[in-house]
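In this note's numbering, the protein residues as written are 261 to 510. Backbone N, C-alpha and C define an ideal beta-carbon position, used for all residues, glycine too. The structure displayed is predicted, hence computed values, not measured ones. Worksheet: one structure, shown below.
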């Protein structure tokens, strides 16, 4: 890859996480400020980055437009979205659709429930392998080699008292997930949020996606979410059928 193109890609990823001044961009790339500025000016002209009110560089609006086009091309997202909306409206909780992309689980759709509590999940972001219910339910159903590669991405960073901090603990959770047919996040990333996630199968019967229903534990404790697992499974089976799956989820 051209060094300039590689640097441009690096810059976009760097400013995507938070606003960055020119000095930080140059330091991140390990180049003189004039070199960083030339690349930034090119990216700015194309709409890939822009300056905020403080003069720092952030993601440009053109990336948002391209990102939406990319999302629109994800067939599973378009097929699943009405089902996710119905779940969110019926239960009032936030619903996610995750997909296995390479060795990571990525959020490809999200329908917010009632209320204004901010969650760290966003469309396009990777789900935490060792905490997110949707990541665990997809990982649990993978062939051993794929599962191991996905597990290699887990940081095992402790966020709460219930976070899995070892591979052995997470593997035990995945085995339980597969045995019962759904995954849980028991406040493992944010201690005030829990969720239940169910698998979605493609035309081959492989679990390539997952649906999670996430709620404030004060509004819907984990036990209450479990009471609706059959409804969540039914929704996931509906999406699976749209993707061509002719069987029944075990």
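Chain-order list of residues whose beta-carbon lies under 8 angstroms from that of residue i (same chain, five-residue window excluded)
{"i": "residue 300", "result": "271, 282, 285, 309 and 317"}
{"i": "residue 322", "result": "306, 307 and 308"}
{"i": "residue 348", "result": "354, 355, 371, 372 and 373"}
{"i": "residue 265", "result": "none"}
6 angstroms CB neighbourhood of residue i in its chain, flanking five on each side removed
{"i": "residue 451", "result": "420"}
{"i": "residue 457", "result": "393, 394, 397, 443, 470 and 472"}
{"i": "residue 400", "result": "434, 437 and 438"}
{"i": "residue 354", "result": "372, 373 and 474"}
{"i": "residue 422", "result": "446, 447 and 448"}
Residues near residue i in its chain [Cβ-Cβ closer than 7 angstroms; skip 5 each side]
{"i": "residue 267", "result": "289 and 299"}
{"i": "residue 505", "result": "461, 462, 463 and 465"}
{"i": "residue 477", "result": "447, 452, 453 and 454"}
{"i": "residue 388", "result": "395 and 449"}
{"i": "residue 337", "result": "331, 357, 368 and 369"}
Short Cβ contact (7 angstroms threshold) for residue i with residue j
{"i": "residue 502", "j": "residue 357", "result": "no"}
{"i": "residue 499", "j": "residue 343", "result": "yes"}
Bridge partner(s) assigned by DSSP for residue i
{"i": "residue 370", "result": "356"}
{"i": "residue 379", "result": "According to DSSP, which records beta bridges pairwise, residue 379 is partnered with nothing at all."}
{"i": "residue 311", "result": "317"}
{"i": "residue 476", "result": "453"}
{"i": "residue 398", "result": "In DSSP, residue 398 forms no bridge with anything."}
{"i": "residue 444", "result": "456"}
{"i": "residue 469", "result": "359 and 460"}
For residue j and residue i, the rounded distance between their alpha carbons
{"i": "residue 262", "j": "residue 302", "result": "15 angstroms"}
{"i": "residue 485", "j": "residue 479", "result": "10 angstroms"}
{"i": "residue 497", "j": "residue 403", "result": "21 angstroms"}
{"i": "residue 273", "j": "residue 319", "result": "9 angstroms"}
{"i": "residue 352", "j": "residue 482", "result": "15 angstroms"}
{"i": "residue 346", "j": "residue 315", "result": "42 angstroms"}
Residue i: CB within 6 angstroms of a non-hydrogen atom of the ligand FMN
{"i": "residue 446", "result": "Absence of the ligand FMN from the depicted structure is noted, as is the absence of any ligand whatsoever, leaving it without description."}
| task | Could you tell me whether the region 346 to 363 touches the region 409 to 418, where touching means 3 or more Cβ pairs closer than 8 angstroms? | result | yes
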